[in-house]
Each structure stands twice: as structure tokens, then as C-alpha cells.
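Numbering (my numbering), first residue to last: 9 to 227. The beta carbon of each residue, even a glycine, is placed where N, CA and C say it ideally should be. What you are looking at is a predicted structure, and each value in this text was computed from that prediction instead of being measured.
Rendered as C-alpha cells:
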């Protein structure tokens, strides 16, 4: 799965270069896609591109839970890669939200977006039942990013989040959803039904709104 994702990301970057654009990728954090990013980094050569997290925990940049830090470490040896943060160096939420919105306002459409999914059906940091979730999923929102406190804080990462909204994530030439395990496959298949409620299972909103979405799954 990692090899396929890396190949698709590299192809997206090469298309951008062929069209005389600087490639721009929005990349999920978490352990599942990291092998794909490592494979991509190993094949970029000197290609110039920009990457930005699809969401971020409000922690300092040197915290092990920081997605930005994970990305810049993965791409450390890829000389042409520029990593942009969604948060300030200290991780303070209000300042980080302003930074994220200011940064995203300067960026064009993504060439590719990689998203993960939790066992609760969240993607990026759009968690079920959370205050602000409806606004983050609203296709009419003008906000590129919102601050969100998960309704049920994950024990391994009990932090407020900055997340791109669904419309901003979908401003992308290619969107990939990357999951692993039978349990998450069951969640995804349930989200595909007409009865799925996006407030209870946010990935249902992604599945309905994305004009073109590729799903990558491994056991």
C-alpha cells in the first residue's frame, strides 16, 4: 500500500512540474501513511515541492505528537521539500488558528491530499460529535481551517486541534483515503450507506462530497 501511495504522490508532483506549477501536498499524520512518505522522499531527488499537514495537534513543534515535526523529519533528506506548519512554534490554539488561515489563504489547490481515518470515523481532526464539526463539514463554509476540541479526547493525544475544513481538503486534484485493519474497513463500509450520519461518522461527509476519491486499504 505504501508503495502505491508513494507512486501516486510522485505522479501528482510530476504532473504539477510538467504544468509548470510547484507541487503542493496536504498530508495526514499518524503511523499508517508514514511509510508512503518515506518512499516518496527517497524518490524525489531535487524536486521542489511544499507539504502541509491536513491537521495538527496544538502542541509545541518539538513535541512527539506534532504532525509538522513528523513530516519535516520524514522529508529531512529531500532537499527540495518545504514543510509548512499549521500551528505556531508554541502550539497556542488561537494564534495557531490565525497562522493556519493566513498560510492557507496564500496556497492554491493541492495537487494531492492524503487523509487517514480513525475507528470512530473521523478524518483530519474532524471528530464525531464535536462542537464545530458541522461547520468544518459544511460545503458552504468560507473557513479554510477551524480549531476543534474532540468530543471524546483520544487517550494517546488529548489535545485541541487545528484542522482543515472539508471544502479546503477537497480543493485538491487528487484525494486519497488511507486505512488499515478490518475494523476500519467495517467503519468505512458503514459510512457508505445512505443512513450514515456525518455528525456521528464524519467520513460519511467526505465520501458524499469528494468528486473523486481513491481508497487505499491494507489488512
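- In the DSSP assignment, residue 81 falls outside any beta strand (DSSP E) and within the unbroken alpha helix (DSSP H) covering 75-82.
- Per DSSP, reduced to three states, the secondary structure at residue 207 is coil, with no helix or strand assignment.
- One thing to note: residue 63 has its Cβ no nearer than 8 Å to the Cβ of residue 176.
- Put simply, of 59, 94, 102 the residue whose alpha carbon is nearest the alpha carbon of residue 84 is 59.
- Here residue 120 is bridged, per DSSP, to 33.
- According to the DSSP assignment, residue 58 belongs to the beta strand (DSSP E) that extends over 57-61.
- Closest in alpha carbon position to residue 66, among 219, 117, 155, is 155.
- With 16 or more other Cβ atoms from the protein chains shown falling within 10 Å of its own Cβ, residue 61 counts as buried.
- Of the residues assessed, residue 184 falls on the buried side of the cut-off, its CB having 16 or more other CB atoms within 10 angstroms.
- Judged by DSSP in its simplified three-state form, residue 161 adopts coil rather than helix or strand.
- In this structure, 146 is the residue among 13, 146, 206, 48 with its C-alpha nearest to the C-alpha of residue 178.
- A direct Cα-Cα distance of roughly 32 Å separates residue 192 from residue 96.
- In this structure, the CA atom of residue 23 is about 9 Å from the CA atom of residue 119.
- When the alpha-carbon of residue 143 is set against those of 213, 25, 189, the nearest one is in 213.
- Ranked by how close their Cα comes to the Cα of residue 111, the residues 151, 131, 160 have 151 in first place.
- In the three-state reduction of the DSSP assignment, residue 18 falls in the helix class.
- Sequence-distant Cβ neighbours of residue 138 in its own chain, meaning closer than 7 Å and more than five residues away, are 156, 157, 158, 159.
- Under a 10 Å Cβ-count criterion, residue 114 is classified as exposed, with fewer than 16 other Cβ atoms of the shown protein chains found around its own Cβ.
- Closest in C-alpha terms to residue 218, from the list 122, 19, 10, 79, comes 122.
- Residue pairing by DSSP places residue 89 opposite 57 in a beta bridge.
- Collapsing the DSSP output to three states places residue 133 in coil.
- In the structure shown, the three-state DSSP call for residue 220 is coil.
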